[in-house]
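For the sequence shown, this note's numbering assigns the number 67 to the initial residue and increments by one for each residue that follows.
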Amino acid sequence: MKRDELKKILPHREPMLLIDEAEKIDDTTATGRYTVTGDEFFLQGHFPGNPVVPGVILCEIMAQTCCVLMADLDGSNKTPYFTGLNKVKFKEKVFPGDTIEITCSITRSKAPFYFASGSGSVNGKVAVVGDFSFALIE
Numbered sequence: 067m068k069r070d071e072l073k074k075i076l077p078h079r080e081p082m083l084l085i086d087e088a089e090k091i092d093d094t095t096a097t098g099r100y101t102v103t104g105d106e107f108f109l110q111g112h113f114p115g116n117p118v119v120p121g122v123i124l125c126e127i128m129a130q131t132c133c134v135l136m137a138d139l140d141g142s143n144k145t146p147y148f149t150g151l152n153k154v155k156f157k158e159k160v161f162p163g164d165t166i167e168i169t170c171s172i173t174r175s176k177a178p179f180y181f182a183s184g185s186g187s188v189n190g191k192v193a194v195v196g197d198f199s200f201a202l203i204e
């Protein structure tokens, strides 16, 4: 799925739509990709002269990729809200020009809550990993 298709299933819009493309591999796993252009709002102050993608943005990229899996769950008129982050580790910096590749999986669920794990890599090196949870709410 490219951005136009993603906008049909995700509530996010620019400047907070932070995946360029995503693919549902199976019912529990998805992959996504985002190329950092250098023009993003979050790089303006993080850090001037040495722009680095903030860790919370990396978590949001993972979450949006995971939301592709939830688009068909529990009714399509519901919005996924973050309810938690656990065991998040930042292992490599992500810079303008980098493409971060995300893999995420739903690990368990008890509607309306969904639990997932994900990782993001740049050039084959893991940049971020973490577990997160969502609630699907009308």
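Ideal Cβ placement from N, Cα and C applies to all residues, glycine included.
Buried or exposed: which applies to GLU126, given that a residue is buried once 16 or more other Cβ atoms fall within 10 Å of its Cβ?
buried
Straight-line CA distance for GLY184 to GLY115?
So the two alpha carbons sit approximately 30 Å from each other.
Which residues in the same chain as ILE91 place their Cβ atom closer than 8 Å to its Cβ, once the five residues preceding and following it in sequence are excluded?
The answer, listed in chain order, is THR97.
Please confirm if the stretch 130–149 is in contact with the stretch 105–113, defined as three or more CB-CB distances below 8 Å between the two stretches.
In short, these stretches do not touch, since the Cβ pair count stays below three.
How would you write the range of the alpha helix (DSSP H) that GLU71 sits in, first residue to last?
69–75
Who are ARG99's beta bridge partners in DSSP?
DSSP output for ARG99 lists GLU87 and GLU167 as bridge partner(s).
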